[in-house]
Amino acid sequence: MKRFAIGFAALWFALGATRVLAVTSAIRYATITGTASAPSGSQCTQGYANLCPSGSCSCVQVPGAVVGRVSGKPAIDGTGTADLFLTFDNGAATVSAAGDCTPFFGIARLTTTRLGSPSSETLNLNGVHCAPITTADSPILGGFGIATSPAPVNGGKGYGKVSGFLDPSGSLSLTLHGLITE
Amino acid sequence: MRKLIVLLAIAIVALGASPVLAINATFTVTGHFGVTTTTSKCTSLAYPAMCPSGDNCVCYTATKTSLHTATGGLLTIPPGTTTVDVSVDNTRNTSHPGCKPAWGEIQYTETGGGPDTATIEFFASLCSPLGATLPLTFSGGGALTNATLVVDGFPLSGITGLGTATGTYSPANTGTNLTLNLSAVVVP
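These protein sequence lines map, in sequence, to chains A and B.
The working numbering numbers the first residue of the first sequence as 1 and each following residue consecutively.
The working numbering numbers the first residue of the second sequence as 183 and each following residue consecutively.
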C-alpha cells in the first residue's frame with residue numbers, strides 16, 4: 001500500500017510538472033478571411049466593439065469568417081471560423097485629399113479546433129482602416145489581445161499586431177501575430 | 183513680367199496636375215518621449231484630445247524632436263520646431279498586457295521665419311513588447327492634414343497626404359526613445 005501511495009504521488013507530481021512545462025510563450029500566427037457586410041448607421045454593441053469616442057460611428061460585421069494558419073508558423077488558435085464586429089469611428093477619421101484613415105474598435109469571436117479539441121476565444125481589436133495608399137487594397141493596421149471575458153476555452157492568452165485589408169467590395173483579409181501563452 | 187508669367191504657368195501646371203503628382207514620402211519623427219505626470223489626456227492639440235473623457239487616458243509628450251522626410255527628394259523640410267502629443271487610453275487595453283488605442287498629433291513649424299508648416303494626425307495601437315528586449319510598437323495610420331512645404335523647389339500650401347503610421351517606443355528617462363514614421367502618399 002505504501003509503495004502504491006508513493007508511486008501514485010510520484011505519478012501525480014510528474015503529471016503536474018508536465019502541465020507546468022507545457023505552458024509556453026511563443027510568437028504565434030493566424031489568418032482571418034471573410035466578407036464584410038455593408039456598414040450600418042451606428043456602432044456595434046458587442047463587447048470591446050461597443051466604443052465610439054467621437055459619437056459618429058458605423059458597424060461592420062463579418063459573419064462566418066475563416067480562421068486559418070500561416071504556413072510553417074505556430075497557430076494562435078487552430079483553425080475554424082470567426083464572427084467579427086468592427087466599429088468604425090468615422091468622426092475621428094484623419095482626413096486628406098488622398099483619402100482617410102478611420103480608427104476602429106472590434107472583436108473577433110473565434111470558434112476553432114486546437115490540438116484536436118474544440119476551442120473558443122474572443123479577440124479584442126483596435127487600429128485603423130485607410131483608403132488605398134500604395135496598392136488597390138484598403139489597409140488595416142492595429143493590435144489585438146485575447147479577451148479574458150468570456151474566458152477562453154482550450155485557448156491561450158496574449159496580444160500582438162494585426163495587419164491586412166478590408167476592401168470596398170467587402171473582402172477582408174487579416175494576419176495576426178503575437179506573443180501567445182498556451 | 184515674363185518671369186512672372188512663366189512662374190505662374192509652372193505653378194498652375196503643378197497644381198492642376200496635383201492628383202497625378204502624388205509623391206511617396208516618409209515623414210520620420212525622432213525624439214525623447216516622456217509621459218506627463220498628469221493622469222489625463224493631452225488637450226493642447228485637437229486630435230489627441232479625442233481620447234474618451236470617461237477613460238483613463240494619459241498624455242505622452244515628446245521633446246527634442248526632429249522631423250524630416252526620407253524619400254522622394256521632392257519634398258524639402260528645413261529645420262524647425264516639432265511638437266508631438268499622444269493620448270494613450272489605458273482603459274481600452276485589448277488585454278493585460280496588450281495593445282492600447284493612441285491618438286497622436288505632430289505639428290511642425292519652420293524656424294527662422296520660413297513658411298513651412300505641417301500637421302500630422304494619426305491613430306495607432308500601442309502594443310506591449312513582443313519580446314523581453316524589444317520596444318513597444320505603434321501600428322496604425324494617419325494623415326498629413328495640412329502642410330506648406332517646398333516641393334521640387336516650389337513652396338506649396340494645402341498639401342495633404344495619407345499613410346501608415348508605425349513606430350517604436352522604449353521607456354527611458356533620457357535619450358532618443360521614440361521613432362514615428364508616416365509613410366504616405368502626398369498630394370501637392
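Note that beta-carbon positions come from the ideal geometry of N, C-alpha and C, so glycine has one too.
Contacts of residue i in chain D (Cβ-Cβ under 8 Å)
i, result
"Cys-224/B", "Here chain D cannot be found, since the structure's protein chains are A and B."
Contacts of residue i in chain B (Cβ-Cβ under 9 Å)
i, result
"Asn-90/A", "Correct list: empty, because the minimum Cβ distance to chain B is about 12 Å."
"Val-128/A", "Phe-304, Phe-305, Ala-306, Ser-307, Ser-321, Gly-322, Gly-323, Gly-324, Thr-346, Ala-347"
Test: residue i CB closer than 8 Å to a CB of chain A
i, result
"Ser-339/B", "no"
"Thr-299/B", "no"
"Cys-239/B", "no"
"Thr-350/B", "no"
"Ala-204/B", "yes"
"Leu-312/B", "yes"
"Leu-344/B", "yes"
"Val-367/B", "yes"
"Leu-362/B", "no"
Neighbour list for residue i in chain A, Cβ cutoff strictly below 7 Å
i, result
"Gly-324/B", "Thr-94, Cys-101"
"Pro-234/B", "Pro-53"
Local Cβ density within 10 Å of residue i, reported as buried at 16 or more and exposed below that
i, result
"Val-60/A", "buried"
"Gly-55/A", "exposed"
"Ser-96/A", "buried"
"Asn-272/B", "exposed"
"Val-23/A", "exposed"
"Lys-246/B", "exposed"
"Asn-355/B", "exposed"
"Thr-371/B", "Since the first residue shown for chain B is 183 and the last is 370, residue 371/B is missing from the structure and cannot be characterised."
"Val-153/A", "exposed"
"Val-67/A", "buried"
"Pro-118/A", "exposed"
Segment limits, beta strand (DSSP E) that includes residue i
i, result
"Asp-83/A", "79-89"
"Gln-289/B", "281-292"
"Val-268/B", "262-271"
"Val-153/A", "Note, Val-153/A: premise wrong, no beta strand (DSSP E); not H, not E."
"Arg-28/A", "25-35"
"His-129/A", "117-130"
"Gly-64/A", "57-68"
"Ser-310/B", "Unbroken run through Ser-310/B: none, as it is neither H nor E."
"His-278/B", "Counting along the chain, His-278/B falls outside any beta strand (DSSP E), and DSSP gives it neither H nor E."
Under 7 Å by beta carbon: chain B residues contacting residue i
i, result
"Phe-144/A", "Thr-276, Cys-281"
"Leu-174/A", "By Cβ distance, chain B contributes nothing, its closest Cβ being about 12 Å from Leu-174/A, past 7 Å."
Within-8 Å CB hit, residue i to chain B
i, result
"Cys-57/A", "no"
"Ile-180/A", "no"
"Gly-170/A", "no"
"Leu-125/A", "yes"
"Ile-32/A", "no"
"Thr-122/A", "no"
"Thr-134/A", "yes"
Within chain B, the residues that residue i reaches when beta carbons sit closer than 8 Å
i, result
"Pro-139/A", "Gly-323, Thr-346"
"Ala-147/A", "Thr-276, Ser-277"
"Ala-131/A", "Leu-344"
Residues that residue i contacts on chain A, provided the C-beta gap is smaller than 9 Å
i, result
"Thr-327/B", "Thr-94, Val-95, Ser-96"
Residue i CB to nearest heavy atom of the ligand SAM below 7 Å
i, result
"Arg-274/B", "Judged by which ligands are present, the structure shown has none, so any question about the ligand SAM falls away."
Q. Any residues in the segment 153-168 of chain A with a beta carbon nearer than 8 Å to a beta carbon of chain B? Which ones, in chain order?
A. Lys-157, Gly-158, Tyr-159, Gly-160, Lys-161, Val-162, Ser-163
Q. Taking any Cβ of chain B, which residues in the segment 43-55 of chain A have a Cβ under 8 Å from it, in chain order?
A. Tyr-48, Leu-51, Pro-53, Ser-54
Q) Name the residues in the segment 72-90 of chain A whose C-beta lies less than 7 Å from a C-beta of chain B; which are they? A) none
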